[in-house]
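What follows is a single structure, written as structure tokens, with notes after it.
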Amino acid sequence: MSAVIRQEENRLFFGDHRLAEKTKEKDFSFEGGSFSVKTYNEITKLERNEQFVYESVPGTTVSDFEMTGETVSFSVEGDDSAEITLGLLPETEYKITVSDKDFGTMKTNLGGKLTVSVELGDGKKVSVLAKKA
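If you're matching positions, the sequence shown starts at 143 in my numbering and goes up one per residue.
Structure follows, in structure tokens:
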């Protein structure tokens, strides 16, 4: 079992914001896909079949990551507030919820990317939900 990516039931756990040096793992099999993760205190990035899925700056630790056709949900923690970019459907509106607080609707760009900022630090863990509107 890897320290930077693992699965529990139908959810992924990845990243480690406490690492001082970049750590990578490739070819992690999960739900028919091949996942790669790169993580340390400055960035955490997840790809599926070489396609962008998740990136945070600075690095974060992500738990309970689940992606369906309609939603992406996960919990995240880090040492400082982070900008999280998700790879979703292009030019699609998503309703964003962070720790049960409604952040309204956001539209992805042509590449399907959507960025949300979350306040982290002091052991704080927040939940994020992006649901197709």
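Glycine included, C-beta positions come from ideal geometry on N, C-alpha and C. Every value quoted in this text rests on a predicted model; they were computed, and no experiment measured them.
For residue i, the nearest candidate out of the options (CA to CA)
i: P200; options: Q193, D158, E235, D206; result: D158
i: G253; options: F216, G229, N152; result: G229
i: V270; options: F207, G263, E233; result: F207
i: V240; options: V268, N251, L161; result: V268
i: E225; options: L161, E150, E261; result: E261
i: F172; options: A275, K187, R153, R160; result: R153
i: S259; options: G265, E233, D169, T202; result: T202
i: T234; options: A275, N183, K187, T186; result: A275
i: I185; options: F216, R160, D169; result: R160
i: G174; options: Q149, K187, T257; result: Q149
Supposed close pair residue i, residue j - CB separation, criterion 8 angstroms
i: V214; j: A272; result: 5 angstroms
i: E192; j: F177; result: Going by Cβ atoms, the distance from E192 to F177 rounds to 10 angstroms, so no, they are not a contact pair.
Residue environment, residue i, which counts as buried when at least 16 other CB atoms sit within 10 Å
i: K243; result: exposed
i: S198; result: buried
i: T181; result: buried
i: T210; result: exposed
i: L231; result: exposed
i: M143; result: Residue placement at M143 cannot be trusted, given a pLDDT of 41 that sits under 50; what the coordinates show is reported in the next sentence. Counting Cβ neighbours within 10 Å, M143 comes out exposed, since fewer than 16 surround it.
Evaluate contact between the region 219–234 and the region 161–177, counting only Cβ atoms and requiring at least three cross-stretch pairs below 8 angstroms. Contact between the region 219–234 and the region 161–177 is absent, because fewer than three Cβ pairs lie under 8 angstroms.
Can you give, in chain order, each stretch of the beta strand (DSSP E) that sits fully within the region 175–228 and has at least 3 residues? The region 175–228 contains these whole beta strand (DSSP E) runs: 175–182, 185–190, 193–199, 203–209, 213–219.
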